[in-house]
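The opening residue of the sequence shown carries number 999 in the working numbering; numbering runs sequentially from there. In this text, a Cβ means the ideal position worked out from N, Cα and C, and glycines have one as well. If you're wondering where the values come from, they're calculated on a predicted model, not measured in any experiment.
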Amino acid sequence: MSFRPTRLEVIDEVRMPPDVDAKVRQLLCACFPPDVPIFSITRHWHGSAPAFSVVIHADDVVVGNVAIVIRTIRAGTATVTVAGIQNMAIRREFRGAGLGAPMLEAAMREAVRREVQFGLLFCVPGLERYYAQFGWTRRDVDTRMDYDRQQNIPIPGKNICMVNTLGDEPFPEGDLHLQGPDW
């Protein structure tokens, strides 16, 4: 199968075409096999709907996706609105082709346009170097969430937290509470 990336688009969640939604879910199922029971039904990880998604198409196939959850969270004693990276995925045969950078750049540009000052993501430690090349920095903090009728529980321990400052203000110091489920 030979595809050439032909189009990158930012899609507001309320305008997500059903066929693109289905293609993104197919991509997520291929990239995250243990989570097929979830992604075969929805793109909303733990029920967290994105505000928008950045999708890369090659012909009629979705080959890349990153969704952005916009949420006000607690960071130490402050509240901040963040653009949370959700479901970053690139079709296996396109990995290493440089698709992640334009998706992340487009996502953060759209977040700035929506007046969000910080990006926030959770990933396994093995991906820290990948995201660091795009300006993301690791934050060694306790991160908690509310999920599945449970309050103030830790996010999965396999994940690290990374922040991207999109404006002039530094990200507040202190532990995080996501004010809802993780994404």
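Can D1058 be considered in contact with the ligand GTP, in the sense that its beta carbon sits closer than 6 Å to one or more heavy atoms? In terms of ligand content, the structure shown is empty, and the ligand GTP therefore cannot be addressed.
Could you give the first and the last residue of the continuous beta strand (DSSP E) run that contains V1067? Within the sequence shown, numbered from 1, the residue matching residue 1067 stands at position 69. Per DSSP, the unbroken beta strand (DSSP E) holding V1067 starts and ends at V1059 to A1073.
Taking I1039 as the reference, which of L1026, D1180 and T1070 has the closest Cα? Translated into the one-based positions of the sequence shown, residue 1039 becomes position 41. Minimum Cα distance to I1039 is reached at L1026.
Any idea what DSSP makes of M1014, helix, strand or coil? The residue labelled residue 1014 in the question sits at position 16 within the sequence shown. Three-state result, M1014: coil.
Going by the CB atoms, is the gap between P1048 and I1071 shorter than 7 Å? Along the sequence shown, one-based indexing puts residue 1071 at 73. Along the sequence shown, one-based indexing puts residue 1048 at 50. Taking 7 Å as the Cβ cut-off, I1071 and P1048 do not qualify as a contacting pair.
Beta-carbon proximity check, V1022 vs V1060, cutoff 7 Å: Within the sequence shown, residue 1022 is the residue found at index 24, counting from 1. Within the sequence shown, residue 1060 is the residue found at index 62, counting from 1. At a Cβ-Cβ threshold of 7 Å, V1022 and V1060 count as neighbours.
For the beta strand (DSSP E) containing R1136, list its first residue and its last residue. If you number the sequence shown from 1, residue 1136 lands on position 138. Following the DSSP letters along the chain, one finds R1136 inside the beta strand (DSSP E) bounded by residues T1135 to R1137.
Given a threshold of 16 other Cβ atoms within 10 Å of its Cβ, counted over all protein chains shown, does N1085 qualify as buried or as exposed? Residue numbering aside, residue 1085 sits at position 87 when the sequence shown is read from its first letter. By the 10 Å Cβ count, N1085 comes out buried.
Would the beta-carbon of A1081 fall within 7 Å of that of P1170? As a working note, residue 1081 is residue 83 in the sequence shown. As a working note, residue 1170 is residue 172 in the sequence shown. Not closer than 7 Å, so no.
Note down the Cα distance separating I1036 from A1020, rounded to an integer number of angstroms. Here residue 1036 corresponds to residue number 38 of the sequence shown, with the count starting at 1. Here residue 1020 corresponds to residue number 22 of the sequence shown, with the count starting at 1. Looking at the two C-alpha atoms, the distance is approximately 13 Å.
Classify D1057 as buried or exposed, calling it buried when 16 or more other Cβ atoms lie within 10 Å of its own Cβ. The count along the sequence shown starts at 1 and reaches residue 1057 at position 59. By the neighbour-count definition (other C-beta atoms within 10 Å, threshold 16), D1057 is an exposed residue.
Status (buried if at least 16 other CB within 10 Å, exposed otherwise) for P1179: Your numbering for residue 1179 matches position 181 in the sequence shown. With a threshold of 16 other beta carbon atoms within 10 Å, P1179 meets it and is buried.
Can you list, in chain order, the residues of its chain whose CB lies under 6 Å from that of N1150, leaving out five sequence neighbours each side? One-based indexing of the sequence shown puts residue 1150 at position 152. Once the five neighbours on either side are set aside, the close Cβ partners of N1150 are R1142.
Nearest-angstrom beta carbon gap, F1116 and N1162 [assumed within contact, 8 Å]: Taking the sequence shown and counting its residues from 1, the one referred to as residue 1162 is at position 164. Taking the sequence shown and counting its residues from 1, the one referred to as residue 1116 is at position 118. Contact holds; Cβ gap of about 7 Å.
First and last residue of the uninterrupted alpha helix (DSSP H) at F1037: Sequence index remark: in the sequence shown, residue 1037 carries index 39 (1-based). Per DSSP, F1037 belongs to the alpha helix (DSSP H) from V1034 to F1037.
In whole angstroms, what is the alpha-carbon distance linking Y1129 and R1136? Along the sequence shown, one-based indexing puts residue 1129 at 131. Along the sequence shown, one-based indexing puts residue 1136 at 138. Roughly 9 Å between the two C-alpha positions.
What's the C-alpha gap between T1164 and E1011? Position 166 of the sequence shown, counted from the start, is the residue given in the question as residue 1164. Position 13 of the sequence shown, counted from the start, is the residue given in the question as residue 1011. It is Leu, not Thr, that sits at residue 1164 in the sequence shown. Taking the straight line joining both Cα atoms gives about 22 Å.
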